[in-house]
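Heads up: the sequence shown begins at 40 in the working numbering, then just goes up one per residue.
For glycine and all other residues, C-beta sits at the position ideal for the given N, C-alpha and C.
In what follows, a single structure is set out as structure tokens and then discussed.
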Amino acid sequence: MTVQETRRAARDLIKPTAETLRQQVLAYLTRRGAYGATDEEMQNNLNMKGNTQRPRRRELVLAGKVKDSGKTRPTATSKATVWIATGQETQATLF
């Protein structure tokens with residue numbers, strides 16, 4: 040199986056649940072308000088593997104629903120981008 044075939048197979052496998060997973064990521068970031076979350080925080084709190092969570096967050100970024108807050112936070116191994124739901128820049132944190 041080629042790399043392209045593997046990617047296509049993975050995309051087809053996740054397609055039925057991708058919208059629900061995107062909704063979970065967006066709802067989590069909305070609850071976090073301006074504090075936002077790193078990818079690692081989302082993965083830990085949503086019990087979602089990185090290879091599932093990161094593509095859903097990227098899809099939300101491309102759809103204009105999530106954006107880079109301009110901040111970083113330390114993670115287990117380095118510093119990471121803090122992501123926020125669009126329009127949450129000044130919203131209170133709800134967690």
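Under the assumption that residue i contacts residue j (Cβ atoms under 8 Å), give the Cβ distance between them as a whole number of angstroms.
| i | j | result |
| --- | --- | --- |
| Lys104 | Thr125 | 6 Å |
| Glu75 | Ser108 | A small fix is needed here, since residue 75 is Gly in this sequence, not Glu. Sure, about 5 Å apart at Cβ, within 8 Å. |
| Val64 | Arg95 | 5 Å |
Tell me residue i's beta-bridge partners as DSSP assigns them.
| i | result |
| --- | --- |
| Arg112 | Ala119 |
| Asp107 | Trp122 |
| Ala76 | Trp122 |
Mapping DSSP to helix, strand and coil, what is residue i?
| i | result |
| --- | --- |
| Ala124 | strand |
| Ala102 | coil |
| Met81 | helix |
Rounded to whole angstroms, what is the Cα-Cα separation between residue i and residue j?
| i | j | result |
| --- | --- | --- |
| Thr91 | Arg70 | 20 Å |
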